[in-house]
Amino acid sequence: MPPQSNLVDEIAVLINEAKDLPTLLQQIAVKVRGFLAVDRIKIYQFAADESGAVVAEAIDQQRLPSLLGLHFPATDIPPEARRELCHSPHGTLIDVASKCKIRCQGLLAHTGHVLQPTSGVETFEPVDPCHLQYLLNMGVLTSLTMPILQKQAMWGLLVAHHSSSKRFSDTQLATLELITKEITLCIAQKTLQQAAQRQQVEEAFLQRVETVFHGYQPHWTPSSPPVVDRLTPLLNEMLTLFRADGSAVYFAPSLVLEQPRVYSQGCATEQLAALVDYMPWQILLQGQVSSPRSLDQVPPDAPTMPQIVTQMYERDDLAADETIHNALAIAQVGALLIIPIHSHQHWLGSIVLLRQERQLEKLWAGRQRDDDRNTLPRQSFAAWCEHQHTTPPWQAADYQLGQKVGHHFYIALVRQHLAHLIDYQAAHDGLTQLPNADFFRGQLVLAINQAITTGELLATIMIDLNHFKRVNNALGVMAGDYLLKEVAQRLQSGLQARSLTDAILSRWHGDCFILLLPNVVDSQSVKQHCQWLLERLQDRFIVCGETVQLTGNAGITFAPYDGDTYELIIQHTELALNEAKKQGIAACVTYDADMSRHTLSPRLALESALSHALERHELQLHYQPQVNVETGEIWGFEGLLRWHSPEHGQVSPAVFIPMAENLGLIRQLGFWVFRTACTQVVAWQRQTNLSCRISVNLSPHQLRDPDLCQHFERILAETGARPQDLGLEITESTVMDDYEAAVFTLGKLRAMGFEIAIDDFGTGYSSLSVLRTLPIDTFKIAQQFLQGILSSAKDAALYQVIVSLGTSLDLTILAEGVETQAEWDFVKSAGVHIVQGYFSGKPMMAGLVPGWLQQQRRRSQLSTGLDSAPIVLPKPEAEATAALSLVTHLTAEPTYPNLEQAIQQGLMEYHQIQDLMQQQTEREHLVLEIANKIRQSLDLGYILETLVTEVRQVLGCDRLFLFQFDEHWAGEVTVESVSDPVYSILGEWIDEPCFRNEYVKLYRQGRVRAIDDITQVGLHACHLHMLQQYQVKSNLVLPILYQDDLWGLMIAHQCDAVRHWQSSEITLMKEIAVQAAIAIHQGEMYQELQAANASLEQLAHLDGLTQIPNRRKFDEHLAHEWRRALRSHQSLSLILCDIDHFKQYNDSYGHQAGDYCLQQVAQTLSQLVQRPSDLVTRYGGEEFAIVLPDTTAEGALHLAQKLQAHVRALSLPHQHSALGVVTISLGVATLLPQAGQSPNQLIEAADQALYQAKAAGRDRCCVQTASPV
C-alpha cells in the first residue's frame, strides 16, 4: 500500500497528464483500490433521469463480479438516499455484519480559512434492511461511499466494496476525501476543456459561414454549381456539430434568389426538395408555427405580428399536417430543428436539421420485469440488454448554436449583397462607367498605406478639360455628356496602349478626371505618360456632326513624399493642377512644396484646429516597441505623437509639428507628451507587473528652457513615474543650435536618471566628434542608412562604420526603420543592440500595449517549454443582431431616386456592419483571452485582477470592481481597476441597509441593472448618496452567481459624465460575469485542495498520540540539517531519549495510562526545546529523538540533563523505577559532518550513548562524540 501523500501526488500527476476523463477515472480506481486493499472500487455516474452507470472499476474478480458498463435504475438509489449522500461529503461506511452505518464527520475540517486535522468523530446509525439485503445479494459485506459533487449537485459516487468486514484508518478516510475533491476539480476542468474545444470548432465553423458567399452572384440559377460546392461542406459539418442525420438550407425569394431553393445533405433529401413549394412548409420554415419545445421567450409587450424564432419539433408535433408528417415518417425523421435566417422580420430563409429514429442498446444490472426477483432488494444483478427505439432530443446547446449559425448566415448574405451593390452600382459613375470619386478615395487610401509600409512610390494625376463649358453652351448638355464618355474611352485606351494596366482611372467631378499609378519607378516616366495622354486629348472629337478640339492640363503628386494622407495628396494634386493651368494649354506640372505657401486658407484652418487640439483631446501617443536584437525581449517603447482632427482627419506629424513650432505651441505639446508618457508607463507597470520604458522627443524649445529639470521633477512627483522609466530623445540639429547649453542641460537630465538618446543620427551635419563629449547613452541610426544596404556594398560598409563608431564610445546602438527579416539579420550581424521598426512591431494605441506585452510574455514562456495551451468559452452573439438590423429594409431589387443616394446608403450600411462586426470580434476575443487565462492559471487573485483591468479598458469606463458579500449581505471591494483621476475604493467595506433590503434579493434572482443617470431612476436616497460619494454618474451592475448562490457583484462606474450602456456592452459583461464565476469556482476549489493537501501532509508528519512530529518527519529534518551543516561546517547534535521500564509501566497501569505517560513526556520535551531549528520527535514506541543543529557536545549534554530533571519532576508514579517515578535515559552524540559521511553515523553514535546510559542503571545521560568537533 503506497503512503497516502504518495498516492495523492500520483493521482495529481495522472490528472495533469490525462487526455480523457474515462481513462483517468479508471486509473484513479486502480490506484485507490491498491491503497485501500479492497475487492472493488467503482466510480458511478448519475444520468439526467437519475439512473446511473458504472463508468470505472478496479476489481478482484475472484472475490466479486465486475459491474463495469452496467446501468442501474433510479430506484436502486432513491431520492432520499441521494439527498443523504449529498449531505455526507465526508463519506458513509456500512458494515453489513454489524448492520451499522457509520457517517464520518470529516478528518479535514475548516478552522477559519485553513483546513486542520480533527479527531474524526463518527456517528453510528442503523441501516435499512432492504439496503443490507441489496449489498448481500452483491456479495458485499463492507461498503464505503464518497459523493462526487458538481455545483452542489450529485455527479456520482466513489464506492469501495469488500467481501468481508473491514475498517478503514483515519488517514485512509482523509486521503479518500481529498482524492474525491481532486476528482471533483478534475471533472470541472475536463468539462470546461471539452466546452472550450467544442467552442473552438464552432468558431471556426462560423468563420467559414461568414465567407461562404464571397463573390456570389446576386441571382442564382437552380443548378448553380459554385453555390452547391460552397454549401455542401458546411452542411456536412453541421451534421457533425449538431449530431444530426440530415441538414438543409432553404433560401426564400429575396436578395438571393428569384425562386425558392433548398440545398441538403444526409437523410430526407428528396422529401425536403418536394416540400419546397408547399405553403404550410414555408410557414413552418419561417419559425411562425409555435412549438411547445421552443426556448424563445416572447415578451408580453411584443407586437402582435408573427414572431420569427428558432423552433424545435418532434414529428408528432406536426401530425396535423398529413403531408409534412408523412414526408418525415418516410425518412424516419423523429426530431427537427428549424433555424430562421433572419433579422427581426426580415427573413431570407431557414436552416433545417433532422434527427432520425435510432435503435439503442443499454446493458442493465438485473432484468426489469414483473417477477419475484424484481422486488426490492433485487436478487439478480446479471447483465441484460435493453433495445430502445428513440430519437435523441434537441438540447439547449443545439438551440443556441443554431441561433448563431442563423445569424452568421444572415450577415454573410447581407454583407455580400452590400458589397455587390458597392461594386456594381455605388462605385461607378453613371455617365462614363468609370469608378467614381468615392471608389477612388478608398483605393487611394489603401495605396498610400501600402506605399508607407513597403516604401513603394505611387503617383496621382488630375486631368482637367479646358473650356468644356463652351461645348455645353454651344451643342447642349447631351452633347457634353457624349463628349465626356468619349474622353473617358480615349483615356482608357491610352492607358492600355501605354501598358498601364494597374492604373485606376476615375471621374473626379464635372470635366475632371483623376488617375492613380501604383508601383512607380521614377517621376520622369510618369510625366511622360501624362504628357502623352494630354496630347491624345488634342486629337479631334466628332460630336453631333461637329468637330470639337479639346485640350487639358494635369497636376501630379507622388506619395508618400508629397503627402501621406488622402486629404494631403488631393489637396496638393489640385495645387499642381492650378499651377499647370497658369502655365498654359496642355501643361503638366508636378507638385512642389512652395505651392502650399501661397494657399493660406487651408493652412489657417489647420493652424486654428491645432491650437485647440489639446483641449479637445484630439492628440494621443502611439507606442512602437523597441526590441533587443539578441534576446528578442522588449527594451522599451517610443512614444509617437498623433493628431486626428475631426475636420481634417489624420494629420501627419510632418505637417503639424513644424506648425506647432511656428505657433509657439511646441513647448506645451512637449510637456503634454512627457506627462502622458509618465502616466502611461506607471499604468502599464501596475497592469502587467512588467518593467517597461517609454522614450519621448525633446524639442529645441524645451531644451532651451532653464526650468526644464524642475518641470520634469514636478511631473514625475505628480504621476509617480521614475526617471529610469523614461527616455529622452534629441536630434543633431537640436544640440548644434546651442551646443554648450545643450550639453549642460542634458548632463543635468542624465544625472536625474533619464536615459538620453540622439535621434536620426547621421542625417545632420554635425561633426562626429560631438558624440565623444555629449552626455548620451544611446544613438539611433536613421532609417535612410538602411536603404541600399542589401544591394550596395558601400552602403553596408557605411552602416557598419557608424555602428563601430558607437560601439567604440560604449553607446547603445538602436537601428530605426527595420522592416524585413533581411534588414534584421544585417543590423544584428553589424552589432546593433536594439531594433525599432515594423518588422518587430507597429505603433499601437496605449490600450493595446498591456495585452501585447502579455502576449509577448506568453510567447517567451512557450519558447522555454512552459504550458500555455489556450482554452476558450462560449461567447455572446447578441452583437450580430444589432448589425443585422441595419439592413432589414433591403429588398430583392433595391431602388433609389438617384445613384448618389444608392452609393451613400450602401457605403454607410456596409461600414456600419463592418464596424459592429469588428467590435463584436474584439469583445469575443476578450472573452476568449480571459477564458484562456482561467485555463492557464489557478491563481484566483491574478485571474480576477487581469479580468477587471482588461474589461475596464475595453468597456472604457472609469472604475470596474468586484464586490464580495458576506453572510449578512455587507461586503468588500476585493478587486478593482480605475482610470486616472478617479480615486480607488479597493478594500472598502460597504454595509448599506437600503441596498441590502431592496436590491440584494433582485440580484440573487440574476437581475442585471444598467443605469444611464443615477439621478433619474428613483434610487433610494441612501443608495443614491453612496453612489454620489463615489463620484458615480452612471453604473452597470451584474450578479456573480456561484453555485446557485450570490457570491458578489461586478460593477462598472462612469464618473466623468452620464453614459448610455449599449446592449452589446451589457451582453459582454454578462459573459464576463460568467467567466468570473468560473474563475472563482475553479480558484476556490484549488485553494481548498491546496489547504487540504497541506493538512494531509501535516497529518502524515504528525504522531497521532503525542501530536509531535513522527519518525518520517525526523528522517526528513535530520537529512536537511545534515546538508546544511555540511555546507556551513557547523556541528550537529542528536539526543535519543527512552522511557525507562516502559513495558512494565504498561503492564502495571494499563495502556491508557501508558498513552498518558507518553503524552506528558512529549509535552515536557517540546516545551524545553524552543529554538526554531530544533526538532522533538517521537522516534518509535517509548523512544524520542531531538535534533539540535549548530550545537556542541557540551550544549547538548546540558540540555539532556535538563530534560532528564524535568521528566523526573513530572512525578508520574512507576513502581518498577528505582526512584518510584517515571524517568528517562538519554544518549547524546555530536558530529561535524564531513564529505563521505551520512546521518546514520550520528544516529548510531547516539544509540550507542543511549545503550551506555541504560547499561549504567538507567536515568542517566551519556555522551558519544562521533568525530572530533
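Quick note: the sequence shown, position 746, residue 746 per full-length UniProt numbering, numbers continuous.
Glycine included, every Cβ here is placed at the ideal spot set by N, Cα and C.
Predicted model only: the values in this text are computed from it and were never measured.
Taken in chain order, the complete alpha helix (DSSP H) segments of 4 or more residues contained in the stretch 123-159 are 129-137. Burial is judged here by how many other beta carbons sit within 10 angstroms of a residue's own beta carbon; M138 has at least 16 and is buried.
Residue I1051 holds the alpha-carbon nearest to the alpha-carbon of L955 among P73, E967 and I1051. In terms of Cα proximity to Q450, the closest of C1157, T391, S1225 and P560 is P560. In this structure, the beta-carbon distance from S1128 to T1230 does not fall below 8 angstroms. Scanning its chain for C-beta atoms nearer than 8 angstroms, with the 5 sequence neighbours on each side dropped, one finds around A244 the residues M238, G266, L337, L353, L354 and R355, in chain order. With respect to the C-alpha of F513, the residue from L537, T23, L275 and Q496 having the closest C-alpha is L537. Straight through space, the alpha carbons of Q680 and P723 are spaced by roughly 13 angstroms. Separation of the CB atoms of L360 and H71 is rounded to 12 angstroms, and the pair is thereby denied contact status at 8 angstroms.
Look at E972 here: in three-state DSSP terms it is strand. In the DSSP assignment, T454 falls within the unbroken alpha helix (DSSP H) covering A437 to T454.
Here the C-alpha atom of W1047 lies approximately 51 angstroms from the C-alpha atom of V818.
Using a 10 angstroms sphere on the CB of E535, the tally of other CB atoms stays under 16, which defines it as exposed. Relative to S1034, the option among D1045, H1025, I1040 and A1057 whose CA is nearest is A1057.
Out of Y1156, Q1160, I776 and T631, the CA that lies nearest to the CA of D810 is found in I776. A residue is called buried when at least 16 other Cβ atoms come within 10 angstroms of its Cβ; N436 meets this threshold and is buried.
The DSSP assignment places 770-773 as complete runs of the alpha helix (DSSP H) inside the stretch 769-796, in order along the chain (cut-off: 4 residues). Closest in alpha carbon position to N697, among P706, R675 and I730, is I730. Counting of Cβ neighbours within 10 angstroms places G552 among the buried residues, the total reaching 16 or more. The residue among L505, H346, P233 and T557 with its C-alpha nearest the C-alpha of R490 is L505. Q395 sits in coil when the DSSP states are folded into three classes, being neither helix nor strand.
Contact between L708 and V735 is ruled out by a C-beta separation of about 15 angstroms, above the 8 angstroms threshold. Per DSSP, H1198 lies in no beta strand (DSSP E) segment; the continuous alpha helix (DSSP H) that holds it begins and ends at A1193 to R1208. In the structure shown, the three-state DSSP call for Q538 is coil. In the three-state reduction of the DSSP assignment, P340 falls in the strand class, which pools E and B. With the rule of 3 Cβ pairs closer than 8 angstroms, the stretch 470-485 does not count as touching the stretch 394-407. Annotated three-state conformation of G1006 is coil, per DSSP. Here M146 is buried. Its C-beta has 16 or more other C-beta atoms within 10 Å. In this model, V1187 and D1147 are separated by some 31 angstroms (Cα to Cα).
If you check the CB distance, A757 and T778 come in under 8 angstroms. For K190, the enclosing alpha helix (DSSP H) covers residues D170 to T211. Between Q1160 and L1212, the CB-CB gap stays under 8 angstroms.
DSSP places D991 outside both helix and strand once states are collapsed to three, so it counts as coil. V548 is positioned such that its CB atom lies no closer than 8 angstroms to that of A412. Secondary structure note for W684: its alpha helix (DSSP H) is the uninterrupted segment I666 to T688. For S984, no alpha helix (DSSP H) run applies, since DSSP gives it neither H nor E.
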